[in-house]
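Our numbering runs 64 ahead of the 1-based position in the sequence shown.
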Amino acid sequence: MLPHPPLAEHYASTEAKPAYVNQLFDAGAKHYDGVVDWGFLRSGSFYRRWALKRHGLAPGQRLLDVACGTGLVATAAAKLLGSADTITCLDPSAGMLEVAKKKLPATFVQGRAEALPFPTDSFDFLTMGYALRHVTTLDEAFAEYHRVLKPGGRLLILEVTKPARPLPAWLFKLYFGKIYPGLTRLFTGSREAREMMVYFWETMDACVPPEAVLEALRNAGFADVKRTAMLGLFSEYSARKP
Ligand SMILES: C[S@@+](CC[C@H](N)C(=O)[O-])C[C@H]1O[C@@H](n2cnc3c(N)ncnc32)[C@H](O)[C@@H]1O
């Protein structure tokens, strides 16, 4: 299952998507932290840590943070785990990884969710923050998540989800589709940073509904699959490998 149909304005086919997404994040990497910090009213690091804690991340666990980007989830996780020693961060973007490496002494690996370069049954906990829309297919990514988690291992995927009701959906579109990319350009002076935030909105707008994500997780073999939605917007998809 595709997380969204190919976005023809940016790339011609699903095969061309990874290269587009990669250059987008490479080019926007140096602006990413600043833009998401004010764009989400400085709530990001508190929220990530709070979500990880509620979903059971605890000292002693081996964590794989897929799509680590600049390390925002991993930095929050290190605070809960007490160190970064048991954290592995994976991302395809060299630019994003370069920023993350300066923040914490975790293990960093360049790679993609759909082909994780780790042995079966390796991790106690797997996270993916705000990147579900960027994988090629949900089925490939979830099969890999299931494979690398140990039996009993837990999965947490954080996402922003477009509201279903018309008025919240309209406000969401106004903010993420117009105001946020416009202010990004104004504050950073960077066309690349604006393009990253335009794409952020377009992929949220085109994304499959939460029920489809839950179904894909069940199809991959996960148990206790559920979605918690903070304010109806901040989706937390959680699951356990039986
Ligand atoms: C919006 S950033 C999220 C970064 C971070 N997780 C956070 O919470 O802010 C999305 C990240 O997904 C990465 N990404 C894109 N395609 C991916 C793929 N197929 N597998 C893993 N990561 C991918 C990008 O390089 C980028 O760093």
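Even for Gly, the Cβ is constructed at its ideal location relative to N, Cα and C. Small disclaimer: the values here were computed from a predicted structure and weren't measured.
Practice task
Name the one or two DSSP bridge partners that G193 has.
Solution key: L222
Practice task
Quick one: give me the first and last residue of the beta strand (DSSP E) that F172 is part of.
Solution key: T171 to Q174
Problem - Reference M260; option with closest CA among A276, V130 and G241 - result: G241
Practice task
Pick helix, strand or coil for R106, following the three-state DSSP scheme.
Solution key: coil
Handout entry: N-terminal and C-terminal residue of the beta strand (DSSP E) that F298 is part of
Key = F298 to R304
Practice task
To the nearest angstrom, report how far apart G246 and K226 are at their CA atoms.
Solution key: 19 Å
Handout entry: Residue nearest to L71 in terms of C-alpha spacing, selected from T200, T171, F251 and I221
Key = T200
Exercise for the section: On a CA-only basis, which of K305, I221, S109 and E266 is nearest Y239? Give me that one, please. Expected result: E266
Practice task
Would you check whether ligand 1 has a heavy atom nearer than 8 Å to the C-beta of M192?
Solution key: yes
Exercise for the section: May I ask you to check if the CB of D155 is nearer than 8 Å to at least one heavy atom of ligand 1? Expected result: yes
Practice task
Flag this pair as yes or no: are the beta carbons of L360 and T191 separated by less than 9 Å?
Solution key: In the structure displayed, the chain extends from 65 to 306; residue 360 sits before or after that span and is not available.
Practice task
Could you please give the first and the last residue of the uninterrupted alpha helix (DSSP H) stretch that includes R249?
Solution key: Y244 to T252
Practice task
Could you tell me if the beta carbon of M268 falls within a distance shorter than 8 Å of some heavy atom in ligand 1?
Solution key: no
Practice task
With DSSP as the reference, label R115 as helix, strand or coil.
Solution key: The question names Arg, yet the displayed sequence has Ala at residue 115. Helix at A115.
Problem - Straight-line gap, A228 to E275 (C-alpha atoms, nearest Å) - result: 12 Å
Practice task
Can you have a look at K166 and say buried or exposed, based on whether 16 or more other CB atoms are within 10 angstroms of its CB?
Solution key: exposed
Exercise for the section: Taking only heavy atoms of ligand 2 into account, decide whether any of them is closer than 8 Å to the Cβ of D129. Expected result: As far as ligands go, the structure on display features ligand 1 and does not contain ligand 2.
Handout entry: Check: E178 C-beta below 8 Å from any heavy atom of ligand 1
Key = yes
Problem - Three-state secondary structure assigned by DSSP to F182 - result: coil
Problem - Sequence ranges, alpha helix (DSSP H) only - wholly within the stretch 253–293, length at least 4 - result: 255–270 and 274–283
Handout entry: Separation of L295 from L180, as counted between CA atoms
Key = 32 Å
Exercise for the section: Report all residues from its chain with a CB closer than 6 Å to the CB of V130; omit the five preceding and five following residues, and keep chain order. Expected result: L154, A177 and M192
Problem - Start and end residues, beta strand (DSSP E) containing D155 - result: I151 to D155
Exercise for the section: Return the chain-ordered list of same chain residues with a C-beta closer than 6 Å to the C-beta of V262, the five sequence neighbours on each side being excluded. Expected result: P245
Problem - Separation of R112 from A293, as counted between CA atoms - result: 14 Å
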